[in-house]
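Notes follow once the structure below has been shown.
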Amino acid sequence: MGKIWGKENKEKRLRFLRLFVVIFAACAALLALAALAVDSRHVRFYMLESEEITAAYGKPFVDPGCYAVRAGRFSGEGEEELPVEVTGQVDTDTLGDYELRYTARYHLRSYSTTRLVHVADLTPPEILLEHTEGYEPTWFTGYEEEGYSAVDDYDGDLTGRVETFYYEDRVEYRVSDAAGNEAVAVRPIEYSLGRPEIYLNGGDTVELTARLDYQDPGYSAYDIQGNDLTGYIQTSGDVVSYRPGSYEVVYTITNALGDTVSVKRTVNIVPAPEIEIVKPEGNVIYLTFDDGPGPYTARLLNVLAKYNAKATFFVTCIDPDYADLVGRAYREGHSIGVHSATHNYYSIYASEEAFLDDFRQTEEMIYQQTGSYTRLFRFPGGSSNTVSSFNPGIMSRLRQIMLDMGYQYFDWDVSSGDAGETTKTTAVVDNIIGGCAGRRNTIVLQHDIKDFSVAAVEKVLSWGARNGYTFLPLEVNSPAAHHGIAN
Ligand code: ZN
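Numbered as in the numbering used here, the sequence shown ends at 490 without a single skipped number.
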């Protein structure tokens with residue numbers, strides 16, 4: 004009984020112990036689970052860089068990575084990194100958004116987090132500048148583009164979208180790709196700073212004597228490379244060369260870009276010095292012949308030569324067939340003066356410009372025949388004419404203009420009467436001798452286009468020779484027998 008009891012008791016104790024262990028273990032497990040639940044154990048991920056990143060198109064992608072640790076409310080973070088598995092692909096050859104998933108296991112559970120990767124074009128285009136060896140742009144021609152190209156790793160050839168900006172010292176090239184990446188290239192062009200200089204002969208203020216035509220004292224322009232740009236200078240500002248006053252002339256060069264360089268000059272037109280009259284020695288007759296040369300001029304020159312007498316011819320351009328006689332008369336010691344190219348009162352007295360145009364024409368004819376410019380002239384109709392009264396005051400104005408330019412006009416104090424009063428040679432002879440007799444010096448008016456007047460000359464010359472008169476040519480400072488201006 005005792006044995007049995009004993010054996011039974013042993014088995015009972017064992018069974019009880021086993022039960023106790025099981026219950027104890029169950030309780031401990033429950034407690035542990037409860038503890039875990041209360042601690043809310045999980046996995047915490049730490050992402051290197053942010054959850055959303057951008058990767059460069061065309062470049063290898065390197066995942067910045069992520070690490071994981073276990074974490075609990077009370078127990079804190081574990082010190083050991085948990086293994087992390089990465090799933091998902093990033094294709095940097097295709098623009099778009101990609102997802103990477105990071106997974107870690109802990110206590111049979113798996114935890115994960117994701118990262119968004121944008122594959123984008125981050126590389127700006129490349130601009131290539133071409134250079135032509137030996138090319139030297141100038142300020143004047145401007146910069147002529149030597150060429151450029153632009154390529155983008157994603158958009159390809161962007162040459163056509165390059166914008167160029169020209170500045171004084173550089174050219175800038177700008178282009179953006181479709182993703183907005185901008186590229187800038189700069190080409191320095193220091194030569195464009197080399198603006199030319201304009202040099203004015205005689206300086207920026209000149210004083211010129213009044214004259215028929217304005218002649219600029221001269222100018223030149225060179226750029227920094229020494230190119231002669233003189234031919235490109237444009238001048239503006241009118242100088243009325245025959246009218247004393249102060250004028251401004253502007254000299255300008257404009258380059259291909261519309262940029263200009265200019266300088267100013269003040270031109271002061273001053274009157275010619277007043278002519279001082281010098282009275283001739285002895286008794287002098289100044290024979291003057293208007294309106295030629297013509298058919299009788301050669302005969303007249305022969306007669307004058309025979310007596311070694313000198314005269315003055317106020318010539319026209321009316322009959323060019325005889326123009327060479329102007330040269331002959333000059334070479335034979337006679338004086339030549341301007342009368343008129345056309346002798347048409349209504350055109351030459353229409354304006355100052357009209358008179359001067361006519362005057363210039365005659366002056367040039369004389370120069371061609373004689374090789375010399377004359378300062379002598381006679382107004383058609385004389386300075387006292389009233390035929391010009393259709394243009395009030397024109398004679399006063401012309402007188403001043405002509406004297407300002409240093410010309411001397413000559414009237415007469417003895418009229419031969421050959422201009423309508425008579426057509427008889429004897430009357431012409433009498434008029435001249437009557438007018439000259441008893442006077443120290445006189446200016447006689449005749450017309451060498453009148454046969455009967457030319458025929459009177461020999462008698463006048465022989466009378467003069469017998470009576471102590473010398474026949475001299477007028478000079479610019481000879482007595483001028485000025486009439487009173489009537490208009
Ligand atoms: Zn005349």
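C-beta: ideal position from N, C-alpha, C; glycine also.
Query, Result
"Do A312 and L448 count as a contact pair if the criterion is CB distance below 9 Å?", "no"
"Run the CB neighbour count on I446, radius 10 Å, all protein chains shown included, and call it buried at 16 or more, exposed below.", "buried"
"In chain order, what are the residue ranges of uninterrupted beta strand (DSSP E) at least 3 long that sit wholly in the segment 86-163?", "88-90, 99-109, 112-123, 129-132 and 151-155"
"So what does DSSP say about M408, is it helix, strand or coil?", "coil"
"Look up F23 in the DSSP assignment and say whether it is helix, strand or coil.", "helix"
"Using only Cβ atoms and a threshold of 6 Å, which residues come within that distance of a heavy atom of the ligand ZN? Order them by chain position.", "D293, D294, H342, H346 and P383"
"Which of the three DSSP states, helix, strand or coil, is assigned to I56?", "strand"
"Any chance you could list the beta strand (DSSP E) runs of at least 3 consecutive residues sitting entirely within the segment 211-285, in chain order?", "222-225, 237-239, 248-257 and 263-273"
"Measure from the alpha carbon of S419 to the alpha carbon of each residue in M405, R402, D407 and G437, then state which is nearest.", "G437"
"What residue ranges within the segment 296-371 form continuous alpha helix (DSSP H) runs of no fewer than 4 residues, ordered along the chain?", "300-309, 327-334 and 348-351"
"Take G248 and list the residues in its own chain whose beta-carbon comes closer than 6 Å to its own, dropping the five residues that flank it on each side.", "I272"
"Give me the Cβ distance between D226 and T141, rounded to the nearest whole Å; I'm assuming they're in contact under 8 Å.", "5 Å"
"Quick check on the burial criterion: 16 or more other C-beta atoms within 10 angstroms. Buried or exposed for T429?", "exposed"
"Helix or strand or just coil, what does DSSP make of D433?", "helix"
"Relative to the C-alpha of L475, which candidate in V266, L307 and L132 has its C-alpha closest?", "L307"
"Please report the distance separating the alpha-carbon of E52 from that of A182.", "23 Å"
"Between the beta-carbon of F317 and the beta-carbon of F358, is there less than 9 Å?", "no"
"If we count Cβ pairs, one from each stretch, closer than 8 Å, do we get three or more for the segment 478-490 versus the segment 387-406?", "yes"
"Please state the DSSP three-state secondary structure of R469.", "helix"
"Can you pull the DSSP bridge partners for P191?", "R173"
"Given a cut-off of 9 Å on the beta-carbon distance, is the pair T315 and V457 in contact?", "no"
"Would you kindly check if the distance between the Cβ of R76 and the Cβ of V25 is under 9 Å?", "no"
"Please go through the same chain and pick out, in chain order, the residues whose beta-carbon is closer than 6 Å to the beta-carbon of N242, but skip the five residues on each side of it.", "The sequence as given places Val at residue 242; Asn does not occur at that position. Taken in chain order, the residues that qualify are Y217, Y250 and V270."
"I'd like to know whether the C-beta atoms of L55 and V120 end up nearer to each other than 9 Å.", "Checking the sequence shown, residue 55 turns out to be Glu, not Leu. Against a cut-off of 9 Å, the Cβ pair of V120 and E55 comes out as a contact."
"Helix, strand or coil, according to DSSP, for N490 in the structure here?", "coil"
"Would you list the residues sitting across from D207 in a DSSP beta bridge?", "Paired residues: none, contrary to the question."
"If distances are taken between C-alpha atoms only, which option among F48, R118, N394 and T377 comes closest to E84?", "F48"
"If you run the structure through DSSP and keep just helix, strand and coil, what is L464?", "helix"
"Return helix, strand or coil for M4, following the three-state DSSP convention.", "Below a pLDDT of 50, predicted positions are generally treated as unreliable, and M4, at 42, falls in that range; the measurement from the model is reported next regardless. Here M4 sits in coil by DSSP."
"Apart from the five residues on each side of it in sequence, which residues of its chain come closer than 7 Å, Cβ to Cβ, to V432?", "A459, K462 and V463"
"Go ahead and label C69 buried or exposed: buried means 16 or more other beta carbons lie within 10 angstroms of its beta carbon, across all protein chains shown.", "buried"
"Do T373 and D361 count as a contact pair if the criterion is CB distance below 9 Å?", "no"
"With 16 as the cutoff for other CB atoms within 10 Å, does Y412 come out buried or exposed?", "buried"
"Under DSSP, the alpha helix (DSSP H) around V457 begins and ends at which residues?", "D454 to V457"
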